[in-house]
Structure formats: structure tokens, C-alpha cells
Amino acid sequence: MPTEPGSLIFLFLSFAALILYDLRAFSFSASILQLRPNHRLSKLFSILANCVLLALIFVLGLPMLLSYLILYLVVLLELCMMFQGQAVLLLFGSGNFLFHLMDVQMIAAALYVLLFDISSPEEFFRRYPSSVFLTLLVVTALLEVFRRGVDQTALRLLLKNSGQLLFATTSMSLINVYLLILSVSYSGQAYSALAAVFLLCTGVLLFGAFYTALLHALRMSVLLEYKARSHTLEQKLEQSQEDLDAMQEAATTDALTEVHNRRYGLEALDRQLAAGGPGCVCFVDIDRLKSVNDQYGHDEGDQYILRVVRALSEALSGCDTLARLGGDEFLLLLPGRTEAEADTLLEWVREKLHASATSYRSSISFGVVALQAEERLSAGEALRRADAKMYRDKLSRREGK
């Protein structure tokens, strides 16, 4: 039985400290895991089970190693019952509790050996229940320090990162195995001041090793999360840029012919006029498109338009611009070309269309306006002149038949 003065008081205080730890640990676990207990009464049952287990350890005087193992298994079972989670996550939570309990208990034992006349671990445990109370109190205090000192967001990231969680759990498990080996090594042996100093230093070093591994895992989890978010953001930016490019292309592309639309063509004309260099503005009109639509249908009319576009595209170079102004009208910009060169190009297109095998005659009418450096035309004036020449070309060809 305990021989320490006030032993009964310390026994009751030990139970109170255990209940306090359970309440804080359950609350902390629920907030970190962002889960709710499976049953409303599970917390109460868990507290009662822990108190019964502590009472049995006091009454039966179980060896420290066996007590640790039973406590660990009970805590692991309680976490499995109260919270649904991955196995490695539950091992991390239960192993965390076991480490702090064993390490604090070892440091407390070393301090008691240095302060009092204790011959063995069993005697220390039986005679000084205050050590149990102090151990549980310190473990509870460490839980609060851990809760307030460790970034909770980083801890949640760690619990979601399977690789870093496995690293932290494995490191902690190795430390716990070492602590259990120490418990076995010193069980049944006489304590000495030298052994106490060794256990005290070992306990402090193990604290450092544990939190070094934990902080490394936390930092890596945050770093990997930032990296993943950065990669996701880059992908979203790339997708946004692709969507923007597609929207811009759709805004400047004719849906049927996939050449530039009226908006783009007029903007290109403004740019060419502003540049002031030589070149030609050509107005192209598809002959008898309305008649083809009326006689053969709009599907055939669309094929007629596409046939003209293909012929025009074959005649153009990389710096030329072809835009559909609407219906059967097209704008052709030929920078650096003379009027004679433009006429030759469009005559070639017309001959190519004449040679196409269709049940109707495919052809175009066109008007060409040469841009002079000394004459600054507006876009509207250039289009009017080209349109007038195209109309004269259409009339002359009709009269020539």
C-alpha cells in the first residue's frame, strides 16, 4: 500500500487528473479530426473504463510494462469506438498518448529516485501515488501546450498527408518501443543515482527527438500542401488562359468558315491603314449565292461559301488577312502587294472556282483598292471604293455574257 503522506488524497487527485485529461483529449481529438463521437455516452463510458483501469493498476500492483501496454490498447480501442478514421491516424493518436505518459513517468521516476530513497520501480509506484498524479497532470499540461503551441491547421494537414503521418507515427512508435525496452530493462532492478541521471537525460532527449520528428512532419505537410495548391493554381491559370484564348479566338473567328470575322477584319484594316505602308484592300463577293440557296438549299450554299474560302486561303501568304464581313462578302488585306498583283491573285481564285465540278457555276466578283503612302484613306472610304469596284466588276461580267 502507499506509504507516502496524503496517499489517499493523491489517489483521488490521480483519478481527477485522469478525468480532466480524458475530457481535454476527447475535445482536442474531435476538433482536430473534425469528427463527432459515434455515441453520446461513449465519452462517459471511456472515462469510467480509464478510471477502473487505473484503480486495478493501483490495487493489483501491475508491472509498469504491463500497465503501459494495457493502457495503450484501451486507449486505441476507445479511439476506434469513438471516432471513425484511418488505422495509421488512430495509431498516431494512441501512440502520442503512450509516449507522453511513459516519458513523463520515466522523468518523474528519475526525479523521485534523486530526491527519495527508492530501491525499485515497483516500490516507487506503490509508495508514491503522487507521482501518478503529477504524471497525469503534466501530461494534461503538455496536451494544452501542444494544443496552443502547434499550428492546428498544420496538424490537420499532417493528418491528411498519409506519407508524413506514416513518418511521424513510425518515428513515434520506434521511440515508444525504446521506452518499453527501458521499462523491461529496469523492471525488478535496484534504482541508483546513476540510473536516475541516465533515465532523466534519456527522457529529455526523447522529448527532443519526438518533437523534432513531429515538427519536421508538420513542416513537410505544410510545404507539400503549398506545393499541391500551387500546382493546382497553375493548372487553373493555364486552363483559364486557354479558355480566354478560346474565347478571344471565338470572338474574332467566323463560325462557318473558321476565318476571321467582320470585327477582326475591320480592326486589321485599321491597323494596316495606320501603318501607312503600301498594300491593297480587296472586297470579294460570291456570285449568285442567293440563287444557290434558293435552288439547292442552304446546306449547299454553305458548301459554296467554304469552297470559295478554300480557294482564297490557298492563294494567300502568311501576312495576308482574310475576313468574312457577312453573308457572301469577304475582306482581303494584302500588305506590300500592288494592285496588279492583287488582280492576278483574285483572277487565279476565280479560275480555280470555274474549274470546280458543280451543277452551277462558282465564281466571285472583286474590287481592289491600292493604298498609297501619300493618300491617307479612312477604313470606311477604303471599303466604299473597293465595294464600288467590286460592283463594277460584277456588272461588267454580267454584260459581257
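All residue numbers in the sequence shown are consecutive under the UniProt record's numbering, ending with 401.
For each residue, glycine too, the CB sits at the ideal point set by N, CA and C.
From a predicted model like this one, the values you see are computed outputs, not experimental measurements.
| query | result |
| --- | --- |
| Three-state secondary structure (DSSP) of ASP270 | helix |
| Close Cβ partners of ALA25 (< 8 Å) along its chain, the five nearest in sequence each way excluded | PHE97 and LEU143 |
| Beta-carbon contacts of ILE57 that lie in its chain and below 7 Å, excluding the five residues immediately before and after | SER67 |
| Coarse secondary structure for PRO335, derived from DSSP in three states | strand |
| Given 8 Å, three or more beta-carbon pairs between the stretch 132-143 and the stretch 222-232 | no |
| Residue span of the beta strand (DSSP E) that contains residue 405, given as start and end | This structure cannot settle anything about residue 405, because the visible part of the chain is limited to 1 through 401. |
| Where the beta strand (DSSP E) containing PHE366 begins and where it ends | 364-371 |
| Supposed close pair ALA200, ALA110 - CB separation, criterion 8 Å | Position check: residue 200 holds Leu in this sequence, whereas Ala was assumed. Yes, LEU200 and ALA110 are in contact; Cβ-Cβ is about 4 Å, under 8 Å. |
| Three-state secondary structure (DSSP) of ARG324 | strand |
| Alpha-carbon spacing of GLY276 relative to GLU351, whole angstroms | 32 Å |
| Residue burial classification, SER14 (beta-carbon count within 10 angstroms, cutoff 16) | buried |
| For VAL284, three-class secondary structure by DSSP | strand |
| Element boundaries [alpha helix (DSSP H), containing GLY301] | 298-315 |
| Under the three-state DSSP convention, the category MET1 falls into | Because MET1 carries a pLDDT of 46, less than 50, the predicted location of this residue cannot be relied on, and no value is offered for it. |
| Residue interval of the alpha helix (DSSP H) (run including HIS100) | 87-115 |
| At least 3 beta-carbon pairs within less than 8 Å: the stretch 253-271 vs the stretch 322-332 | yes |
| Given MET220 as reference, the closest of ALA193, ASN161 and SER183 once Cα atoms are compared | ASN161 |
| Reduced DSSP category for GLY279 - H, G, I as helix; E, B as strand; rest coil | strand |
| Residues near PHE28 in its chain [Cβ-Cβ closer than 6 Å; skip 5 each side] | ARG147 |
| Assigned exposure category for THR153 - 16 Cβ within 10 Å defines buried | exposed |
| Pair within 8 Å by beta-carbon distance, ASP285 and GLU242 | no |
| Rounded distance between the beta-carbons of ALA17 and PHE133, thought under 8 Å | 6 Å |
| Buried versus exposed call for GLY208 [16 or more other C-beta atoms within 10 Å across all chains shown] | exposed |
| 8 Å Cβ cutoff met for GLY367 and ASP393 | yes |
| C-alpha distance - HIS216 paired with LEU166, whole-angstrom precision | 13 Å |
| Which listed residue (VAL74, ASP103 and GLN105) has its alpha carbon closest to that of SER94 | VAL74 |
| PHE10 and SER130 closer than 8 Å at C-beta | yes |
| Extent of the continuous alpha helix (DSSP H) run through SER162 | 162-186 |
| N-terminal and C-terminal residue of the alpha helix (DSSP H) that VAL145 is part of | 129-149 |
| Euclidean distance between Cα positions of LEU331 and GLU314 | 15 Å |
| Reduced DSSP category for GLU329 - H, G, I as helix; E, B as strand; rest coil | strand |
| Top-ranked residue by Cα proximity to residue 402, from SER192, PRO335, THR253 and SER362 | The structure shown has nothing for residue 402, since the chain only spans 1 to 401. |
| Selected residue, minimal CA-CA separation from PHE283, among ALA255, LEU312, ARG271 and LEU256 | LEU312 |
| Backbone CA spacing between ALA268 and LEU395 [nearest angstrom] | 29 Å |
| Minimum C-alpha distance to TYR391 - residue among GLY380, TYR296 and ILE364 | ILE364 |
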